[in-house]
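Residue numbers for the sequence shown follow the numbering used here, so the first one is 9 and each next one is one higher.
Where is the CB? At the ideal position from N, CA and C, for every residue including glycine.
The block underneath contains the structure these notes are about, expressed in structure tokens.
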Amino acid sequence: MSGRLRRPSRHSWRRRHDANPSRLMIDGWLARAHCRLSLRLPFMFRQCYHSGTSLGERQVKKYGKAVLVLTAGLGLVFAAAWMVYRYRARPTQIVWARSLSEATGKARSGDKLIITDVYTDWCGWCKEMDVKTWSHPAVIERSEKYVFLKLNAETEPDGVALQKKFGVVSYPTVLLLDSRGEEFERLEGYLPAEEFLANLRATLEDPDSLGNLKKQEVREPENFGIRLKTGKKLLSRYAFSDARTRFEQILQKDPANRSQLGDASLFYLALSQAGLTQTDQSLATLDRLFTAYPQSKLLPAGFFMSAQILLDAGRTEAARTRLEKLLRDYPNDPLIKRAKKVLSDI
């Protein structure tokens with residue numbers, strides 16, 4: 009399909025407003041009013057010119073013609089601009105950026121969100137979205153509000169980089185990025201046009217969307233609950249380094265544990281460190297958890313995690329010791345069944 013925009017006919021203007029005839033009536037009335045005012049102004053000034061009214065006969069005679077021409081011209085220009093704005097041509101297809109730098113440049117200049125279609129050649133549902141979603145008139149109609157970026161997660165350098173950075177593991181995935189290229193949120197799986205638009209709208213309004221949580225962090229720097237929630241969201245996206253930073257900040261800024269989030273911060277900090285293959289740091293953090301919060305409900309999960317980390321590091325006997333302590337101290341915990349299975353496989 010050609011990327012050129014086709015000028016709509018006057019009938020297409022009316023069709024676009026069929027669902028709201030009052031809007032069409034108002035727009036037409038405003039345009040006609042501007043035109044009428046522009047045409048009447050010369051006669052108003054002519055009357056002043058001949059009658060010598062309070063405008064001042066000499067001033068009107070001296071400057072009247074210039075004012076008449078300028079005012080009438082401005083009125084006609086304003087009316088024409090209003091009509092062009094109201095009935096400008098609409099896009100006929102989505103214009104895709106093909107690199108992250110191109111997309112972020114457009115997003116910064118227009119203060120827009122980047123809708124990134126991350127796909128692969130073998131993904132059937134990705135092709136379905138090309139046909140059913142990205143080509144749908146309702147999506148195209150709203151495309152001017154955003155910057156659209158299309159990247160192959162396996163063959164294009166920017167696509168490969170985004171896949172690794174944001175931990176994309178299934179396709180299609182639509183990454184919503186801010187103008188710096190950082191994740192605001194994501195929509196996963198195949199979404200028909202109307203469902204995509206509904207999910208997009210809900211995601212932008214959701215206070216628990218990653219981008220909105222980050223904004224709230226800035227507004228409320230001492231709200232450690234928001235910081236913990238943001239860290240956990242980042243952790244679920246495999247953004248281990250950014251998640252680790254959040255948990256460390258809570259522990260540093262709240263050493264007295266007034267927020268009652270110390271045990272959770274230590275647990276998720278250890279998980280982030282494990283994700284970064286910082287084995288010794290992760291085990292040390294878990295030991296801090298066991299010592300500082302012996303009554304925490306997170307201890308069984310902490311012992312199980314430490315055993316898994318030790319097994320991955322090839323320290324089988326140390327892992328066995330942790331699992332046996334879990335079985336002995338928390339016999340009714342839901343993790344017991346999994347712990348027994350791991351022990352039997354050692």
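query, result
"Distance check for Thr253 and Asp341, CA to CA, integer angstroms please.", "30 Å"
"To the nearest angstrom, report how far apart Arg209 and Arg116 are at their CA atoms.", "21 Å"
"For Asp166 and Glu110, what's the separation of their Cα atoms in angstroms?", "11 Å"
"What's the gap between the Cα of Val182 and the Cα of Thr299?", "43 Å"
"Per DSSP, what kind of secondary structure is Ala365 in: helix, strand or coil?", "Because the chain in this structure spans residues 9 to 354, residue 365 falls outside the shown range and cannot be described."
"In three-state DSSP terms, what is Ile258?", "helix"
"Cutting at 7 Å between CB atoms, please list the residues of its own chain near Ser280, excluding the five before and the five after it.", "Leu243, Phe248, Ala251, Arg252, Phe255"
"Can you list, in chain order, the residues of its chain whose CB lies under 7 Å from that of Cys131, leaving out five sequence neighbours each side?", "Tyr179, Pro180"
"Under 6 Å Cβ to Cβ from Val168, same chain only, skipping five residues before and after it: list those, please.", "none"
"Can you pull the DSSP bridge partners for Asn220?", "The partner list for Asn220 (beta bridge, DSSP) is empty, contrary to what the question assumes."
"Take Asp186 and list the residues in its own chain whose beta-carbon comes closer than 7 Å to its own, dropping the five residues that flank it on each side.", "Leu121, Phe192, Gly219"
"Between Leu319, Arg323, Phe312, which lies nearest to Leu331 when the distance is taken from Cα to Cα?", "Phe312"
"Could you work out which residue in Asp119, Gly239, Lys135 is closest to Gly189 when comparing CA atoms only?", "Asp119"
"Helix, strand or coil: how does DSSP classify Asn231 here?", "coil"
"Residues bridged to Val139 by DSSP?", "Val139 is not bridged to any residue."
"Using 8 Å as the threshold, is the region 286 to 295 in touch with the region 260 to 269, meaning 3 or more CB pairs across them?", "no"
"Which residue comes first and which comes last in the beta strand (DSSP E) that contains Asn265?", "Unbroken run through Asn265: none, as it is neither H nor E."
"With a Cβ-Cβ cutoff of 7 Å, do Arg323 and Ile354 count as a contact?", "no"
"Within its chain, find whatever has a CB closer than 7 Å to the CB of Thr141; leave out the 5 residues flanking it on each side and keep chain order.", "Val147, Leu199, Pro200, Ala201, Phe204"
"When you compare only the Cα positions, how much space is there between Asp216 and Tyr154?", "21 Å"
"Are Thr128 and Glu149 touching if we call contact CB-CB under 7 Å?", "no"
"Per DSSP, what kind of secondary structure is Met52 in: helix, strand or coil?", "For Met52, the predicted structure reports a pLDDT of 49, less than 50, and the residue's modelled location is therefore unreliable. A value from the coordinates is still provided. Helix, per DSSP."
"Starting from the C-beta of Lys240, find all residues in its chain whose C-beta is less than 7 Å away, skip the five residues before and the five after it, and write them out in chain order.", "Tyr276"
"Would Glu225 pass as a contact of Thr238 if the rule is Cβ separation under 7 Å?", "yes"
"Please check the pair Phe156 and Ile123, which I expect to be a contact at CB under 8 Å, by giving their CB distance rounded to whole angstroms.", "5 Å"
"Pick helix, strand or coil for Ser20, following the three-state DSSP scheme.", "Since pLDDT at Ser20 reaches only 41, below the 50 mark, its modelled position is unreliable, and the value read off the structure follows with that caveat. The answer is helix: DSSP assigns Ser20 an H, G or I state."
"For Gly233, is the classification buried or exposed, using 16 other Cβ atoms within 10 angstroms of its Cβ as the cut-off for buried?", "exposed"
"Can you tell me where the beta strand (DSSP E) with Val182 in it begins and where it stops?", "181 to 185"
"Go to Ile148, then tell me how far its alpha helix (DSSP H) extends in each direction, as first and last residue.", "145 to 149"
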